[in-house]
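2 protein chains.
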Amino acid sequence: MLNNQPQPLNSIFQALADPTRRGMIARLSRGPASVSELAEPFDMSLPAVVQHLQVLETSGLVRTQKVGRVRTCHIETKALMSAQDWIQSQRASWEARFDRLDAYLQELQAKEKKRGRRK
Amino acid sequence: MLNNQPQPLNSIFQALADPTRRGMIARLSRGPASVSELAEPFDMSLPAVVQHLQVLETSGLVRTQKVGRVRTCHIETKALMSAQDWIQSQRASWEARFDRLDAYLQELQAKEKKRGRRK
DNA sequence: TTGATTGTTAAGCATAGACTTAAGTATCAT
DNA sequence: ATGATACTTAAGTCTATGCTTAACAATCAA
Numbered sequence: 001m002l003n004n005q006p007q008p009l010n011s012i013f014q015a016l017a018d019p020t021r022r023g024m025i026a027r028l029s030r031g032p033a034s035v036s037e038l039a040e041p042f043d044m045s046l047p048a049v050v051q052h053l054q055v056l057e058t059s060g061l062v063r064t065q066k067v068g069r070v071r072t073c074h075i076e077t078k079a080l081m082s083a084q085d086w087i088q089s090q091r092a093s094w095e096a097r098f099d100r101l102d103a104y105l106q107e108l109q110a111k112e113k114k115r116g117r118r119k
Numbered sequence: 001m002l003n004n005q006p007q008p009l010n011s012i013f014q015a016l017a018d019p020t021r022r023g024m025i026a027r028l029s030r031g032p033a034s035v036s037e038l039a040e041p042f043d044m045s046l047p048a049v050v051q052h053l054q055v056l057e058t059s060g061l062v063r064t065q066k067v068g069r070v071r072t073c074h075i076e077t078k079a080l081m082s083a084q085d086w087i088q089s090q091r092a093s094w095e096a097r098f099d100r101l102d103a104y105l106q107e108l109q110a111k112e113k114k115r116g117r118r119k
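Protein sequence lines correspond, in order, to chains A and B. Just so we're aligned: the first sequence equals residues 1 to 119 in our numbering. Just so we're aligned: the second sequence equals residues 1 to 119 in our numbering.
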């Protein structure tokens, strides 16, 4: 329940806010790829793609390793999971609240019935 | 499996990238709040808080309504769910891949055993 | 060794983001 | 009617983001 490491979440959500970067993540979810493979679907310069890649790497969403002249990229699932976990924990909060509200309304209804019978 | 509405995702993830806004979401997950209640934990001017609130509202993560002079804010769970859904669908991709890889490795191992026996 | 691949670095530009302060505008209570 | 409350609007500043082009490495293949 504590406020976990917020700083990674900043850069993770920031990274996910761009459609190009989400596209790269989607591609890498299906398997590793080189920089030029990653760049291929996008209508922008290679340096621009590499800059997006750096954002993904800095946020921890992607890891890369260079062999020869080709840099191979793959997703780091843990980072995506931590984003999902944060959302999930919010969901837990509001669902708990809805449950309490529901219980309260049921209680009200029960009282109303009693009063009805009493009349 | 199609690329759903990407534009809302841009602004949803963008909104979540800021710790102040995540704090507001966390607060609102526990129940509705007025603007000044929302502002209270943060060490910044009210206009700054309202600007964050506008980002949340534009992204669809929060809805507000004004009664008298107080604006009451509450979360719109659907928007958060759509962010979670996107992440979940990436996860489905990489898990499918891991499953295929696993099956392949088992197959390799089976062949290796056969060869061993043959010798 | 030359030429083609595959990236990398640097610089610049234009727009968007996260604040601030100062000065309003409604509402509500007395 | 007056003052306090609860925002709102406007304007400005300073930094970060998302690109671009132009040049520069470092492989690899012939």
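Every residue gets a Cβ at the ideal spot worked out from N, C-alpha and C, and that includes glycine. Please read all numbers here as calculations on a predicted model, not as lab measurements.
query: Determine, using beta carbons only, whether Gln90/B and Ile25/A come nearer to each other than 8 Å.; result: yes
query: Listing by chain order, which chain B residues have their CB less than 7 Å from the CB of Phe13/A?; result: Phe13, Leu16 and Ala17
query: With a cut-off of 8 Å, do at least 3 Cβ pairs link the segment 72-92 of chain B to the segment 25-45 of chain B?; result: yes
query: What did DSSP end up calling Ser89/A once you bin it into helix, strand or coil?; result: helix
query: Any residues in the segment 64-82 of chain A with a beta carbon nearer than 9 Å to a beta carbon of chain B? Which ones, in chain order?; result: Ile75, Thr77, Leu80 and Met81
query: In the DSSP assignment, what residue or residues form a beta bridge with Ser34/B?; result: Thr72/B
query: Give, in chain order, every residue of the segment 17-44 of chain A whose Cβ lies closer than 9 Å to some Cβ of chain B.; result: Ala17, Asp18, Pro19, Arg22, Gly23, Ile25, Ala26, Leu28, Ser29, Arg30 and Gly31
query: Could you tell me how far apart the beta carbons of Leu9/B and Ala83/B are, in whole angstroms, since I believe they sit closer than 8 Å?; result: 7 Å
query: Please work out which residues of its chain come closer than 8 Å, Cβ to Cβ, to Gly60/A, disregarding the five sequence neighbours upstream and downstream, and give them in chain order.; result: Pro8, Ser11, Ile12, Glu76, Lys78 and Ala79
query: Are Ala15/A and Gln14/B touching if we call contact CB-CB under 8 Å?; result: no
query: Distance cutoff 8 Å, beta carbons only. Does Gln90/A sit that close to anything in chain B?; result: yes
query: Go to Leu61/B, then tell me how far its alpha helix (DSSP H) extends in each direction, as first and last residue.; result: Neither: Leu61/B is in no alpha helix (DSSP H) and is coded neither H nor E.
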